[in-house]
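Colleague:
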Amino acid sequence: MNTYKMAWLLAAISIICENIGYYLTFPRMKFLKKDFETRNVNITQRFGTIERYAVWLIVFSLVFVLLMFATTGTSFLAHNRRVAMAAVNPILRYLYPFVQLSAALLGFIGLIQLMFLKEKLKGIITFFLGVLFTMIVYQRGMMVSFVMLAFFVALDFFRINRRIVKEKSILKFLLVILLLFFILVLLRDIYNLIFSGQFILLKIFKESESGENPILLLLASRPDGDVLEVWTILFGYLSENRPLLGRSLINIPFALTSSNFRLSSGYKLGVDILNEHYDYDTYWYRKFGFNLNSIQEMVLNFHVTGILFGFLLGLFRGVLTSWYYRRVFFYGDPTKATLYYQGISYFLSAFNAFHWMCFYVMFAEILSILSKLKLHSKPHSRIKSKEESAT
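Take the sequence shown: its letter number 375 is residue 377 in the working numbering, and every next letter is one higher.
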């Protein structure tokens with residue numbers, strides 16, 4: 003119980019430190035409003051290339067899903083495995099990220115089409131294609147992150163634009179977001195209902211003790227329900243071992259390598275060390291484990307003083323958000339900026355996501371190049387006839 007209280011305390015302090023840092027550097031609405039007025043921003047033009055991105059994302063998703071089926075058959079599907087995807091076949095480690103990230107960005111684009119461009123049918127189709135591909139790879143966290151980003155971008159756009167919005171429209175907007183978010187939260191439950199005939203949430207309720215709050219059970223079974231548990235495991239580790247004193251931080255670039263390589267070479271990340279301490283076999287051989295956020299990793303390296311890193315983290319997040327909003331609303335490619343923003347944010351939240359940050363940046367550059375390609379052109383004969391008529 004004392005360990006749990008300490009976990010609550012440290013989690014609270016880390017959040018407070020991070021928020022203090024963020025509020026010092028986050029984008030101020032009054033400055034954004036001035037820029038919006040002087041630049042005469044047309045938001046429809048800002049997202050002019052978004053449909054091209056959506057087309058390429060659907061192509062990527064389809065191609066890499068087919069490659070996954072061609073490589074392993076149906077064994078990678080969640081209801082057919084009891085290990086992580088990389089343990090089914092190592093090559094999946096290099097295939098499923100394309101599907102996962104494409105699906106998440108499709109969700110973002112779908113909401114942008116719904117909220118900014120008023121293209122309801124396109125937006126709904128794009129969003130639910132993203133949901134479908136997310137279900138196939140059984141990874142919802144990234145999708146939730148992109149959907150929440152789209153929500154806050156839309157919300158702040160209305161604030162910056164000083165647009166008078168009817169209460170009905172606001173209510174409708176919030177209900178749509180709430181419904182879509184609820185679908186994403188229950189995505190794994192929906193998948194299990196389709197393929198195994200079981201609704202896992204109902205099973206949890208039935209197996210729980212009578213009198214337990216169903217809302218708390220729902221929250222505890224969702225993503226990030228183990229954050230406090232990680233703090234308790236971290237304290238258990240530090241009570242038996244010395245802090246790493248930067249050893250895991252030096253090894254961050256080795257996130258680009260496989261877990262098998264890190265195990266054999268000894269270049270372990272903070273997440274490797276703590277998961278290994280908790281359950282060696284499950285982590286290294288079944289490839290299942292919990293995540294370690296960046297503040298927890300700093301505590302793992304520098305004990306309780308590492309929690310002050312939350313302040314610096316907040317400062318970085320605020321600067322990054324300011325950069326992102328200017329890219330989205332005023333200049334540059336907003337979709338490309340979204341990938342950069344999400345990739346760097348992911349790394350700031352968890353250092354072991356270094357490989358994901360590199361992948362986001364690479365993917366952003368690839369999509370940016372592809373989006374500039376013309377997918378169709380006028381027939382040569384028609385062009386020629388126009389030239390003749392002109393002469």
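Think of the CB as a built atom: it goes at the ideal place given N, C-alpha and C, for glycine as much as any other residue. The structure presented is a predicted model; accordingly, all values stated were derived computationally and were not measured.
For VAL90, report the span of its alpha helix (DSSP H) as first-last.
Modeller: As a working mapping, residue 90 is identified with position 88 in the sequence shown. Here the alpha helix (DSSP H) through VAL90 covers 87-90.
Colleague: Find out if the Cβ-Cβ distance for the pair TRP394, LEU230 is shorter than 8 Å.
Modeller: Residue coverage of the chain in this structure runs from 3 to 393, which leaves residue 394 outside it and unanswerable.
Colleague: One question on the structure: do PHE256 and ARG249 come within less than 8 Å of each other, judged by their Cβ atoms?
Modeller: Against the sequence shown, residue 256 aligns to sequence position 254. Against the sequence shown, residue 249 aligns to sequence position 247. Cβ distance not < 8 Å, so PHE256 and ARG249 don't count as in contact.
Colleague: How big is the Cα-Cα spacing for TYR70 and VAL139?
Modeller: Mapped onto the sequence shown, residue 70 falls at position 68. Mapped onto the sequence shown, residue 139 falls at position 137. Correcting the residue type first, residue 70 is Met in the shown sequence and not Tyr. Approximately 10 Å between the Cα atoms of the pair.
Colleague: So ASN253 is in the alpha helix (DSSP H); what residue range does that whole segment cover?
Modeller: As a working mapping, residue 253 is identified with position 251 in the sequence shown. Element bounds for ASN253: n/a, residue is neither H nor E.
Colleague: Taking the straight line between their C-alpha atoms, what separation do you get for PRO225 and SER347?
Modeller: Taking the first residue of the sequence shown as position 1, residue 225 is located at position 223. Taking the first residue of the sequence shown as position 1, residue 347 is located at position 345. In this predicted model, PRO225 has a pLDDT of only 48, less than 50, meaning its place in the structure is not dependable; the value taken from the coordinates is given anyway. The alpha-carbon atoms of PRO225 and SER347 are separated by roughly 18 Å.
Colleague: Between the alpha carbons of TRP274 and THR5, how many angstroms are there, rounded?
Modeller: On the sequence shown, residue 274 is found 272 positions in, with the first residue counted as 1. On the sequence shown, residue 5 is found 3 positions in, with the first residue counted as 1. Looking at the sequence itself, residue 274 is Asp, so the reference to Trp does not match. Those two C-alpha atoms are separated by around 22 Å.
Colleague: Does PHE292 come out as helix, strand or coil in the three-state DSSP assignment?
Modeller: The residue you call residue 292 lines up with position 290 of the sequence shown. If DSSP states are grouped into helix, strand and coil, PHE292 belongs with coil.
Colleague: Identify every run of the alpha helix (DSSP H) within the region 32-86, keeping only runs that are complete inside it and at least 4 residues long; order them along the chain.
Modeller: Listed in chain order, the complete alpha helix (DSSP H) runs (minimum 4 residues) inside the region 32-86 are 45-48 and 52-74.
Colleague: CB-CB under 7 Å to ALA366, same chain, minus the five flanking residues each way: which ones, in chain order?
Modeller: Within the sequence shown, numbered from 1, the residue matching residue 366 stands at position 364. Counting only Cβ-Cβ distances below 7 Å, and skipping sequence neighbours, we find LYS338, LEU341 and TYR342.
Colleague: Please confirm whether GLN102 and MET144 have their CB atoms less than 8 Å apart.
Modeller: Counting from 1 along the sequence shown, the entry for residue 102 is found at position 100. Counting from 1 along the sequence shown, the entry for residue 144 is found at position 142. Yes, these two residues count as a Cβ contact at 8 Å.
Colleague: To the nearest angstrom, report how far apart SER198 and HIS81 are at their CA atoms.
Modeller: Taking the sequence shown and counting its residues from 1, one reaches residue 198 at position 196. Taking the sequence shown and counting its residues from 1, one reaches residue 81 at position 79. Approximately 7 Å between the Cα atoms of the pair.
Colleague: Out of VAL187, ILE60 and PRO245, which has the shortest C-alpha to C-alpha gap to LEU369?
Modeller: Taking the first residue of the sequence shown as 1, we reach residue 369 at position 367. Nearest of VAL187, ILE60 and PRO245 to LEU369, Cα basis: ILE60.
Colleague: Can you tell which of ILE192, ASN277, MET364 and GLU299 has the C-alpha that lies nearest to the C-alpha of PHE353?
Modeller: The residue labelled residue 353 in the question sits at position 351 within the sequence shown. Selected option, being the one with the closest Cα: GLU299.
Colleague: Taking the alpha-carbon positions, what's the HIS279 to SER261 distance?
Modeller: Here the question's residue 279 lines up with position 277 in the sequence shown. Here the question's residue 261 lines up with position 259 in the sequence shown. Distance between the alpha carbons of HIS279 and SER261 is about 15 Å.
Colleague: Anyone know if the C-beta pair for PHE118 and ILE18 falls short of 8 Å?
Modeller: Walking along the sequence shown from the start, residue 118 turns up at place 116. Walking along the sequence shown from the start, residue 18 turns up at place 16. Cβ distance not < 8 Å, so PHE118 and ILE18 don't count as in contact.
Colleague: Going by the CB atoms, is the gap between PHE62 and SER16 shorter than 8 Å?
Modeller: One-based indexing of the sequence shown puts residue 16 at position 14. One-based indexing of the sequence shown puts residue 62 at position 60. The answer is no: Cβ separation not under 8 Å.
Colleague: Quick check on the DSSP output: the alpha helix (DSSP H) that includes PRO336 runs from which residue to which?
Modeller: As a position in the sequence shown, residue 336 is number 334, starting the count at 1. Note, PRO336: alpha helix (DSSP H), 336-351.
Colleague: In terms of alpha-carbon separation, which member of LEU173, ILE252 and LEU302 lies closest to ARG244?
Modeller: For the purposes of this step, residue 244 is identified with residue 242 of the sequence shown, where counting begins at 1. Taking only the C-alpha atoms, the option nearest ARG244 is LEU302.
Colleague: Could you please give the first and the last residue of the uninterrupted alpha helix (DSSP H) stretch that includes HIS279?
Modeller: Walking along the sequence shown from the start, residue 279 turns up at place 277. Counting along the chain, the alpha helix (DSSP H) containing HIS279 begins and ends at 272-280.
Colleague: Output yes or no for whether 8 Å exceeds the beta carbon distance between MET271 and ILE254.
Modeller: By 1-based counting over the sequence shown, the position of residue 271 is 269. By 1-based counting over the sequence shown, the position of residue 254 is 252. What sits at residue 271 in the sequence shown is Leu, not Met. A contact, by the Cβ cut-off of 8 Å.
Colleague: On a Cα-Cα basis, can you pick out the residue from ARG41, GLY50, LEU123 and ALA88 that is closest to ARG288?
Modeller: Sequence index remark: in the sequence shown, residue 288 carries index 286 (1-based). With distances taken between Cα atoms, ARG288 lies closest to ALA88.
Colleague: So is PHE66 buried or exposed if we call it buried at 16+ other beta carbons inside 10 Å?
Modeller: As a first step, residue 66 must be located in the sequence shown, where it is residue number 64. That one is buried.
Colleague: Can you tell me whether SER387 is helix, strand or coil according to DSSP?
Modeller: In the sequence shown, counting from the first residue as 1, residue 387 sits at position 385. Summary for SER387: the model assigns pLDDT 44, below 50, so the residue's position carries little reliability; its value from the coordinates is reported in the next sentence. Three-state result, SER387: helix.
Colleague: Just to confirm my understanding: we take ARG161, look at its own chain, exclude 5 residues before and 5 after, and list those with CB closer than 6 Å. What are they?
Modeller: In the sequence shown, the residue the question calls residue 161 occupies position 159. The residues are MET31.
Colleague: From which residue to which residue does the alpha helix (DSSP H) around PHE159 run?
Modeller: To locate residue 159, count along the sequence shown from 1; it is residue 157. Start and end: 143-163.
Colleague: Roughly how many whole angstroms lie between the Cα atoms of ASN21 and THR323?
Modeller: By one-based count along the sequence shown, residue 21 stands at place 19. By one-based count along the sequence shown, residue 323 stands at place 321. Taking the straight line joining both Cα atoms gives about 13 Å.
Colleague: If you measure between the beta carbons of GLY109 and PHE129, is that distance less than 8 Å?
Modeller: Reading the sequence shown from its first residue, position 107 is the one you call residue 109. Reading the sequence shown from its first residue, position 127 is the one you call residue 129. Their beta carbons are under 8 Å apart, which means GLY109 touches PHE129 by this criterion.
Colleague: Assuming ASN354 is part of the alpha helix (DSSP H), what are its boundary residues?
Modeller: Walking along the sequence shown from the start, residue 354 turns up at place 352. No alpha helix (DSSP H) contains ASN354, which DSSP labels as neither H nor E.
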